[in-house]
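Q:
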Amino acid sequence: MTLSMKRSDTSGMDQDDRDIVRRYHQRTKHHMKRYAAGPHGLDWASQPDPFRRFTGAEHITLPLLADGLPSLYKDIYVSQQAPERPLNRDNIAVLLELSLGISAWKQYDGSRWALRCNPSSGNLHPTEGYVVCGDMEGLRGGVYHYQSFNHGLEQRCACSLPISGGLLIGLSSIHWREAWKYGERAFRYCQHDTGHALAAIRYAAAALGWQVRLLSNWGDEQIARILGLDRSEDYAQAEPEDPELILWVTPEENSAAEPAELISLSQKAKWQGKANLLSANPQYDWPVIAEVAAATKKNATHPESHTNSEGDWPPLRDIPCELKATTLIRQRRSMQACDGSTAMTSEAFYRLLDTLLPRSDTVPWDAWPYPPHIHMLLFIHRVTGLEAGLYILTRDRSAENGLRKALLRDELDWRKPADCPAHLPFFQLLEGDARQAARAISCHQEIAADGAFSLGMLADFDRVIETGAWYYRRLFWEAGMLGHVLYLEAEAAGIQGTGIGCYFDDAMHDLFGIQDSRWQCLYHFTVGKGVPDTRLQTLPPYKHRD
Ligand SMILES: Cc1cc2nc3c(=O)[nH]c(=O)nc-3n(C[C@H](O)[C@H](O)[C@H](O)COP(=O)(O)O)c2cc1C
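Residue numbers (our numbering): 87 to 632.
1. Evaluate the contact criterion for the segment 500-515 versus the segment 578-588: three or more CB pairs, one atom per stretch, below 8 Å.
2. Which runs of the alpha helix (DSSP H) spanning at least 4 residues fall entirely within the segment 357-385, listed in chain order?
3. Put residue 164 into one of helix, strand or coil per three-state DSSP.
4. Skipping 5 residues on each side, what residues in its chain have a beta carbon closer than 6 Å to that of residue 626?
5. Among residues of its own chain, excluding the 5 on either side of residue 90, which ones have a beta-carbon nearer than 8 Å to its beta-carbon?
6. Can the beta-carbon of residue 281 be found closer than 8 Å to that of residue 122?
7. With 16 other CB atoms within 10 Å as the buried threshold, where does residue 318 fall?
8. Kindly provide the ranges of any beta strand (DSSP E) runs that are 3 or more residues long and lie completely inside the segment 470-528, ordered along the chain.
9. Sorry if obvious, but does the Cβ on residue 584 come closer than 7 Å to a heavy atom of ligand 1?
10. When the distance is taken between beta carbons, is residue 423 closer than 8 Å to residue 532?
11. Assign residue 117 to buried or exposed, taking buried as 16 or more other Cβ atoms, counted over all protein chains shown, within 10 Å of its Cβ.
12. Count the other CB atoms, across all protein chains shown, that sit within 10 Å of the CB of residue 114; report buried if there are 16 or more and exposed otherwise.
13. Give the C-beta separation of residue 519 and residue 425 to the nearest angstrom, bearing in mind that I take them to be a contact with Cβ-Cβ under 8 Å.
14. What residues are listed by DSSP as bridge partners for residue 191?
15. Within 10 Å of its beta-carbon, does residue 497 have 16 or more other beta-carbons around it, so buried, or fewer, so exposed?
16. May I ask you to report which of helix, strand or coil DSSP gives residue 105?
17. Can the beta-carbon of residue 211 be found closer than 8 Å to that of residue 136?
18. Buried or exposed: where does residue 670 fall if 16 or more other Cβ atoms within 10 Å of its Cβ makes it buried?
19. Taking the alpha carbon of residue 246 as the point to measure from, which residue in 477, 228, 575 and 191 has its own alpha carbon closest?
20. Can you look up residue 630 in the DSSP assignment and give me helix, strand or coil?
21. Considering only residues of the same chain and omitting the five flanking positions on each side of residue 199, which have a CB-CB separation below 6 Å?
22. Let me check you understand the geometry: is the CB of residue 259 closer than 7 Å to at least one non-hydrogen atom of ligand 1?
23. Who are residue 463's beta bridge partners in DSSP?
24. Apart from the five residues on each side of it in sequence, which residues of its chain come closer than 6 Å, Cβ to Cβ, to residue 271?
25. Closer than 7 Å to a non-hydrogen atom of ligand 1 - does that hold for the CB of residue 509?
26. Can you find a heavy atom of ligand 1 that lies under 7 Å from the Cβ of residue 531?
27. Closer than 7 Å: is that where the CB of residue 207 sits relative to any heavy atom of ligand 1?
28. DSSP on residue 424, reduced to helix/strand/coil?
29. Relative to the C-alpha of residue 408, which candidate in 629, 432 and 156 has its C-alpha closest?
30. What would DSSP say about residue 589, mapped onto helix, strand or coil?
31. Leaving out five residues before and five after residue 606 in sequence, what residues of the same chain have Cβ atoms less than 6 Å from its Cβ?
32. When DSSP labels each residue in this structure, what does residue 91 get in the three-state scheme?
33. Does the Cβ of residue 154 have 16 or more other Cβ atoms within 10 Å, making it buried, or fewer, making it exposed?
34. Does the separation of the CB atoms of residue 334 and residue 322 fall below 8 Å?
35. Tell me the rounded alpha-carbon separation between residue 112 and residue 464.
36. How many whole angstroms separate the CB atoms of residue 203 and residue 253, which I take to be in contact at a CB cut-off of 8 Å?
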């Protein structure tokens with residue numbers, strides 16, 4: 087047996103964990119001639135159940151009230167515009183219905199599947215949500231698992247926790263749900279989905295007039311403890327859940343309770359419920375996922391101050407969209423095909439880019455306690471007033487010099503388009519028809535070429551991972567949040583988006599002349615006019631409860 091020696095460098099961090107992350111990232115790249123390791127064909131007999139349940143836990147059916155929420159989508163962006171709702175069970179029900187709840191069912195040829203307000207790679211939904219709260223109107227204090235199938239809360243433990251003026255929402259991932267289909271690359275997708283879920287919660291909370299903060303001081307072990315994920319007796323044969331993050335959700339600016347006291351009280355309480363088995367007979371094991379999950383664990387730290395980029399961005403312009411927040415959030419869909427002709431106006435396009443800037447007082451970036459590390463490399467196909475070609479949006483002005491040095495393709499000219507708003511760090515790099523390149527690099531998917539534009543999210547990878555292997559997850563969360571903004575803003579502009587997790591990593595880097603590993607593309611996305619699949623029937627989200 088060989089024991090690996092952990093080297094600690096001067097920063098006191100384990101170099102090994104960072105090496106594990108870099109190796110994992112490298113080996114899970116898709117290449118034009120070789121995809122990352124995955125199952126050879128889908129084993130339908132072991133397809134995981136997309137709904138976790140805790141049998142034996144008391145089930146509280148939540149009311150379906152989101153239709154009655156008057157907030158408009160555009161109010162979400164304007165501080166105090168959405169009337170603040172009191173903290174109680176009914177409003178928590180709205181929060182969950184509009185973030186992790188089912189948005190519709192699709193039916194075709196005898197099969198039926200649920201879609202949710204949060205998107206998910208392959209619609210496999212590895213993300214589970216939990217509520218941790220004190221006693222409040224309509225709800226006893228304790229820890230609850232959110233069961234999206236029935237829109238209910240499963241009480242894992244009842245106890246009077248000293249939480250007032252807000253609640254905690256925890257997220258976990260079940261890696262197997264994604265690994266069943268995607269093999270080794272699945273860990274990346276679980277992290278994207280966590281970022282989408284985080285943003286979905288932020289938007290839903292904003293529609294209630296509430297604030298959200300990611301609590302960066304909590305360590306993963308603490309999150310596992312408070313949510314009961316480490317109660318191996320309750321999971322027995324069932325697929326485990328990996329702790330991701332914890333959010334403080336509150337109607338008013340006030341501070342969250344400290345982890346130690348909450349954990350100690352919850353451990354003294356009686357816990358109930360056994361996790362269901364999701365796959366009768368899992369066939370594949372992907373040890374690199376367990377390895378990278380362990381390497382990217384985060385320890386508890388002192389509370390961090392808000393470190394978002396301050397950027398002197400002017401306030402976001404109003405969007406000309408009169409849809410209710412509930413309607414827009416529920417109608418969000420991934421387009422499966424684009425019409426290949428509809429152009430986006432430059433006005434709508436620039437407004438959309440603007441929502442991607444990390445304004446620390448604007449949804450969803452006000453929930454995010456880290457600086458921006460991701461920039462956009464765009465393939466513009468059909469935006470009025472813009473030449474087709476390659477473009478870049480740098481989300482942090484201080485990164486611009488580094489990016490100019492990293493993008494080494496000769497002809498790139500970094501020219502600001504004539505009608506681009508002055509504050510947007512958006513540049514044309516190269517003129518030309520980029521459709522074929524976009525399609526080929528996004529695993530030959532037509533949607534990357536047939537929309538108004540598609541893009542790749544470029545992360546300041548090596549430098550950030552050097553600060554801690556745990557940052558690997560956060561880079562994907564940031565990418566997932568960006569994807570979520572794109573999804574909702576595309577809907578608000580009357581078109582649609584689709585997240586693209588399948589792309590050829592290094593082919594993308596080559597196209598822009600990126601030669602070393604410092605900058606890495608972590609997620610792709612496309613925006614355009616979707617063509618609905620008329621064979622599919624759409625059914626309402628919770629009719630099955632009747
Ligand atoms: C991280 C991520 C990666 C995705 N990758 C792809 C992709 O490569 N191709 C694609 O057609 N759809 C992709 N999707 C879209 C999902 O298939 C879609 O979200 C899922 O089927 C649920 O549908 P909905 O978004 O309409 O709710 C991706 C979504 C996410 C969140």
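Beta carbons: idealized from backbone N, C-alpha and C, even for Gly.
A: From the atom records:
1. no
2. 373-381
3. The residue given as residue 164 occupies position 78 in the sequence shown. Of the three classes helix, strand and coil, the one that applies to residue 164 here is coil, per DSSP.
4. The residue you call residue 626 lines up with position 540 of the sequence shown. So no residue of the chain qualifies.
5. Counting from one through the sequence shown, the residue named residue 90 turns up at place 4. Interpretation of residue 90 is limited by its pLDDT of 36, a score under 50 that renders its predicted location unreliable; the figure taken from the coordinates is listed afterwards. Excluding residues within five positions, the ones whose Cβ falls inside 8 Å are 102.
6. Here residue 281 refers to the residue found at position 195 of the sequence shown. Here residue 122 refers to the residue found at position 36 of the sequence shown. Contact flag unset, no.
7. As a working mapping, residue 318 is identified with position 232 in the sequence shown. With fewer than 16 Cβ atoms within 10 Å of its Cβ, residue 318 is classed as exposed.
8. 475-479 and 512-517
9. For this step, residue 584 is matched to residue 498 along the sequence shown. Within the cutoff, so yes.
10. On the sequence shown, position 446 is the one that residue 532 refers to. On the sequence shown, position 337 is the one that residue 423 refers to. Yes, the pair counts as a contact, with Cβ atoms nearer than the cut-off.
11. Walking along the sequence shown from the start, residue 117 turns up at place 31. With a threshold of 16 other beta carbon atoms within 10 Å, residue 117 falls short and is exposed.
12. Taking the sequence shown and counting its residues from 1, one reaches residue 114 at position 28. Residue 114 is classed as buried because its beta carbon has at least 16 other beta carbons within 10 Å across all chains shown.
13. Working through the sequence shown from its first residue, we reach residue 519 at position 433. Working through the sequence shown from its first residue, we reach residue 425 at position 339. Not confirmed; about 18 Å, so no contact.
14. By 1-based counting over the sequence shown, the position of residue 191 is 105. DSSP output for residue 191 lists 200 and 625 as bridge partner(s).
15. Walking along the sequence shown from the start, residue 497 turns up at place 411. Exposed: under 16 other Cβ atoms inside 10 Å.
16. The sequence position of residue 105 within the sequence shown is 19, counting from 1. Three-state DSSP puts residue 105 in a helix.
17. What you label residue 211 is simply residue 125 of the sequence shown in a count that begins at 1. What you label residue 136 is simply residue 50 of the sequence shown in a count that begins at 1. Contact: yes.
18. No answer is possible for residue 670: it lies beyond the span of the chain, which begins at 87 and ends at 632.
19. Numbered from 1 along the sequence shown, position 160 holds the residue referred to as residue 246. For the residues 477, 228, 575 and 191, the minimum Cα distance to residue 246 belongs to 228.
20. Mapped onto the sequence shown, residue 630 falls at position 544. In this structure, residue 630 counts as helix in the three-state DSSP scheme.
21. The residue you call residue 199 lines up with position 113 of the sequence shown. Answer for residue 199: 192, listed in chain order.
22. Counted from its first residue, the sequence shown places residue 259 at position 173. When distances are taken from the beta-carbon of residue 259 to the heavy atoms of ligand 1, even the shortest one reaches 7 Å or more.
23. Reading the sequence shown from its first residue, position 377 is the one you call residue 463. Bridge partners of residue 463: 478 and 542.
24. Here residue 271 refers to the residue found at position 185 of the sequence shown. Cβ within range, chain order: 114 and 122.
25. Looking up residue 509 in the sequence shown gives position 423. For residue 509, the Cβ stays outside the 7 Å cut-off from all heavy atoms of ligand 1.
26. Counted from its first residue, the sequence shown places residue 531 at position 445. Ligand 1 has a heavy atom closer than 7 Å to the beta-carbon of residue 531.
27. In the sequence shown, counting from the first residue as 1, residue 207 sits at position 121. For ligand 1, at least one heavy atom lies less than 7 Å from the Cβ of residue 207.
28. For the purposes of this step, residue 424 is identified with residue 338 of the sequence shown, where counting begins at 1. The answer is strand: DSSP assigns residue 424 an E or B state.
29. In the sequence shown, the residue the question calls residue 408 occupies position 322. Measuring from the Cα of residue 408, the nearest candidate turns out to be 156.
30. Residue mapping note: residue 589 aligns to position 503 of the sequence shown, counting from 1. Looking at residue 589 - three-state DSSP - the assignment turns out to be coil, as it is neither helix nor strand.
31. Locating residue 606 in the sequence shown gives position 520, where the first residue counts as 1. So the qualifying residues of the chain are 545 and 547.
32. Residue numbering aside, residue 91 sits at position 5 when the sequence shown is read from its first letter. Confidence is the limiting factor: at residue 91 the pLDDT is only 36, short of 50, which leaves the residue's position unreliable, though a coordinate-based value still follows. Note: residue 91 maps to coil in three-state DSSP.
33. Along the sequence shown, read from residue 1 onward, the residue named residue 154 stands at position 68. Exposed, by the Cβ-count rule.
34. As a working note, residue 334 is residue 248 in the sequence shown. As a working note, residue 322 is residue 236 in the sequence shown. Contact: no.
35. Numbered from its first residue, the sequence shown carries residue 112 at position 26. Numbered from its first residue, the sequence shown carries residue 464 at position 378. Cα to Cα, the separation comes out at about 23 Å.
36. Residue numbering aside, residue 203 sits at position 117 when the sequence shown is read from its first letter. Residue numbering aside, residue 253 sits at position 167 when the sequence shown is read from its first letter. At roughly 18 Å, the Cβ-Cβ gap does not stay under 8 Å, so residue 203 and residue 253 are not in contact.
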